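Input: a single structure, listed below in structure tokens.
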Ligand code: 13P
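Residue numbers (this note's numbering): 163 to 588.
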């Protein structure tokens, strides 16, 4: 069996024998998880559940596997790895990206208040229900990142959000970091907290249905960036990714280089080079599996206050040059954040990047660039739910086309207003 596992990035058993245990996944992952892997293969599909003899065979097969699984390390590791792969693969299918809807209660609250809706738990739930129940959302969205509160919430009719997402073939994800804090002895830089107790929390989130997770660390160009801030960002991301992979969650590694500032594209390139190099160094040091993680960087462009603006082609060229020089091809997907770009720009930039072949799935994991017009249209009015959902569908479709390099701006309904906010906290 171990010989068969050699293709995986590491081989846990021999190291464990030599006393150097580098990987110890929890038994939270169940063999049934990798059934989605088979369903998502060409020709497969959730409809297979409707086939009674097949369902019968699968449940029988599953029982046998469960018995082996609980008694045999080799079977356990095999399914652990296969289930990982299926999670990552559904989110990186052609034409698909991720919907980031994991704003903290404070940030979601300020968005709600911005459209005249009070920041209450019920209003946050109502808004998230609108997003999650958008018809056909799964056509272009493979994963949705949730805030902890949302992971445990349900629709007005009592259906768990997690079930709504799974029915559309969308993996539920979870933001696991605990937010940014001031970095002592720095020029107003920050660090990201949340490693304490993370393994236990990740296990709980997995039980609740989460299959991937996100940790957002930021680097500010005008405030430094200092060596210590970059190292802290990279090290925190790597520790988080290692812990969450052990819990069966596919980690999104998000080193965001903030848009705040007057820096040029060239200056962003220099800082991004340092940040991505350091991030991948620590990921490698921590034995994180690149093919079972997703990178979520910002695009390499000018700061929000830089007088010189660049074309989508220039941003795409600089970003791809950076990806090619820093990111191992094994990395499963590059899912960009929108970071304050307008809806249209974020789609144009992504489209320009996908005009040429590259070894990764280059796609989107936007919050503001997918949701901005949606929340403004809804503004708390139940009668506007359908219209707001149609906008979200359209935004997802246009970004899905950009993932394929087939977006046509002349046919776009995307808003051109910047979504940038100074000192934005997520
Ligand atoms: P934006 O697309 O609004 O930057 O948000 C993405 C995200 O998830 C930030 O962590």
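By construction, the Cβ of each residue, glycine as well, lies at the ideal position given by its N, Cα and C atoms. Computed from a predicted structure; not experimentally measured.
DSSP places residue 405 within a helical segment (H, G or I) once states are collapsed to three.
The three-state secondary structure of residue 503, taken from DSSP, is coil. Taking a C-beta distance under 8 Å as the contact criterion, residue 335 and residue 364 do not qualify as a contact pair. In the pairwise beta carbon analysis, the region 257-264 is classified as touching the region 518-529: at least three pairs are separated by under 8 Å. Checking the DSSP bridge columns, you'll see residue 343 partnered with 353. For residue 508, DSSP assigns no beta-bridge partner whatsoever.
Three or more Cβ pairs closer than 8 Å define a contact, and the region 376-396 meets that threshold against the region 423-439.
A distance below 7 Å between beta-carbons, with the five flanking residues on each side excluded, links residue 392 to the following residues of its chain, in chain order: 381, 436, 437 and 440. Annotation for residue 375: no alpha helix (DSSP H) segment contains it, though the beta strand (DSSP E) segment containing it runs 374-381.
When DSSP states are grouped into helix, strand and coil, residue 474 belongs to the helix group. Contact check for residue 300 and residue 278: beta-carbon distance about 31 Å, past the 8 Å limit, so the pair fails to qualify. About 6 Å separates the CB atoms of residue 577 and residue 504; that is less than 8 Å, so the two are in contact. When only Cα atoms are considered, residue 475 and residue 366 end up about 43 Å apart.
When the beta-carbon positions are compared, residue 403 and residue 461 stay at least 8 Å from each other. Counting only the Cα atoms, residue 275 lies some 24 Å from residue 555. Membership of residue 337 in the beta strand (DSSP E) is indicated by the continuous run 333-337.
Cα atoms of residue 444 and residue 400: separation of roughly 6 Å, rounded to the nearest angstrom. Secondary structure at residue 308: strand, using DSSP grouped into helix, strand and coil. As the crow flies, the alpha-carbon of residue 350 is around 14 Å from that of residue 379.
At a Cβ-Cβ threshold of 8 Å, residue 510 and residue 498 do not count as neighbours. In this structure, residue 307 has its beta carbon less than 7 Å from a heavy atom of the ligand 13P. Annotation for residue 526: the continuous beta strand (DSSP E) segment containing it runs 523-528. Cβ neighbours of residue 467 within its own chain (closer than 7 Å, five residues either side excluded): 423 and 424. Under the three-pair Cβ rule at 8 Å, the region 279-291 counts as touching the region 301-321. Here residue 417 carries a strand assignment [DSSP, helix/strand/coil]. By the neighbour-count criterion, in which a residue is buried when 16 or more other Cβ atoms sit within 10 angstroms of its Cβ, residue 566 is exposed. Where residue 498 is concerned, there is no enclosing alpha helix (DSSP H), although the beta strand (DSSP E) around it starts and stops at 495-498.
Taken atom to atom, the span from the alpha-carbon of residue 517 to that of residue 478 is near 9 Å.
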